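Below is one structure, written out as structure tokens, with a few remarks after it.
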Amino acid sequence: MRVLVVEDEAFLAELIAEGLRRAALAVDVAADGLEALRKLGLGEYDVLILDRDLPGMHGDDVCRRVVEQRLMTRVLMLTAAGTVRDRVEGLGLGADDYLAKPFAYDELLARVLALGRRARPALPPVLERAGIVLDTARRQASRDGRHLHLSRKEFGVLETLLRAEGAVVSGEDLIEQVWEEHTSYRTNAVRVTLSKLRAKLGEPPVVETVPGAGYRIAS
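First residue of the sequence shown: 859, per our numbering; consecutive thereafter.
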């Protein structure tokens, strides 16, 4: 799942981003509304965490643009103003959810995961294929009953492949779904992560390489 955090307070933005990355989400950060729109135009995001009181272009205007462009991105609006009227106004702009500051991180994560599920066709929280069981809610994985100790990137790659339900996923699509925008050498990172993931999944091999196309989980 890809998330864009738009927050002008740098410390808070990085705090949110690092917390979500620990939950195996790919997270990019923007400091103002114009930068947010630029990044939304360059890549697909499942969830937009949007501070309402942004410098330059107000968060309300960013939200309006997302709605006008009919992006599939779900919007979670953050603001220090938490009255009923403020929440009604925010949701009236087209935001999918609204969270007042200060907030509990666990609640933020739960809301982001819930919005992420709504940003794509509904699939069960537990994904299964070829003996692999991936519990996306508990962030646990196993194969043939053997627990797998996966890094957040390995978990993200495996989740993306399982959600494809046997279809081929290109390296570019894996980068879009799992890696942050600023990551260097992302193509090589995909190969390295897949190599480690295959080793942890064990025999017989289950992640297939389709030459010139990408990767898939064998049936």
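We treat Cβ as the ideally placed atom computed from N, Cα and C, and that holds for glycine.
Quick caveat: nothing in here was measured; it's all calculated off a predicted structure.
Take residue i as the anchor and find which of the options has the nearest alpha-carbon.
i, options, result
"serine 1009", "Asp919, Cys921 and Ala1057", "Ala1057"
"lysine 1052", "Ala888, Gly877, Val1015 and Gly901", "Checking the sequence shown, residue 1052 turns out to be leucine, not lysine. Looking at the Cα atoms, Val1015 is the closest of the given residues."
"threonine 931", "Glu1066, Ser1000, Ala972 and Arg997", "Ala972"
"valine 863", "Glu876, Ala888 and His1007", "Ala888"
"serine 1028", "Arg1049, Pro913 and Arg879", "Arg1049"
"glutamate 867", "Gly901, Lys959, Ala884 and Lys897", "Lys959"
"glycine 917", "Ala882, Tyr956, Arg997 and Leu883", "Tyr956"
"asparagine 1046", "Phe869, Glu1030, Ala881 and Gly1060", "Glu1030"
"phenylalanine 961", "Arg922, Lys897 and Leu873", "Leu873"
"glutamate 986", "Gly1024, Gly950, Lys1011 and Arg976", "Gly1024"
"alanine 882", "Leu949, Asp909, Arg997 and Arg928", "Arg997"
"valine 1026", "Arg976, Gln927, Pro1069 and Lys1011", "Pro1069"
Going by DSSP in three states, residue i sits in which element: helix, strand or coil?
i, result
"glutamine 1035", "helix"
"leucine 883", "coil"
"alanine 980", "Here the model assigns alanine 980 a pLDDT of 48, short of 50, so the residue's position is not dependable, and the following value carries that caveat. Note: alanine 980 maps to coil in three-state DSSP."
"aspartate 1051", "Here the sequence assigns threonine to residue 1051, which means aspartate is not the residue at that position. Note: threonine 1051 maps to helix in three-state DSSP."
"arginine 1056", "helix"
"valine 1026", "coil"
"glutamate 1061", "coil"
"leucine 912", "coil"
"serine 1077", "coil"
According to the neighbour-count rule (16 or more other Cβ atoms, all chains shown, within 10 Å of its Cβ), is residue i buried or exposed?
i, result
"glutamate 1017", "buried"
"leucine 1055", "buried"
"aspartate 1002", "exposed"
"glutamine 1035", "buried"
"aspartate 964", "exposed"
"valine 984", "exposed"
"glycine 1072", "buried"
"phenylalanine 1013", "buried"
"valine 920", "buried"
For residue i, which residues does DSSP report across the bridge?
i, result
"alanine 999", "Leu992 and Leu1006"
"alanine 958", "Thr937"
"alanine 888", "Val864"
"leucine 906", "Leu862 and Val933"
"glycine 1072", "Val1068"
"leucine 985", "Leu992"
Between residue i and residue j, how many whole angstroms is the CB-CB distance? I'm expecting something under 8 Å.
i, j, result
"isoleucine 1033", "valine 970", "Actually they are not in contact, since the Cβ atoms of isoleucine 1033 and valine 970 sit about 21 Å apart, beyond 8 Å."
"arginine 1074", "alanine 995", "Not a contact, Cβ separation roughly 24 Å."
"valine 905", "leucine 934", "6 Å"
"alanine 999", "valine 1064", "In fact, because the Cβ distance is near 12 Å, the residues do not count as touching under 8 Å."
"glycine 891", "leucine 912", "5 Å"
"methionine 859", "glycine 952", "That pair is no contact at about 20 Å."
"isoleucine 990", "leucine 967", "With 8 Å as the limit, isoleucine 990 and leucine 967 do not qualify as a contact, their Cβ atoms being about 24 Å apart."
Within 8 Å of any Cβ in chain B, is that where the Cβ of residue i sits?
i, result
"leucine 936", "Note that chain B does not occur in the displayed structure, where there is just one protein chain."
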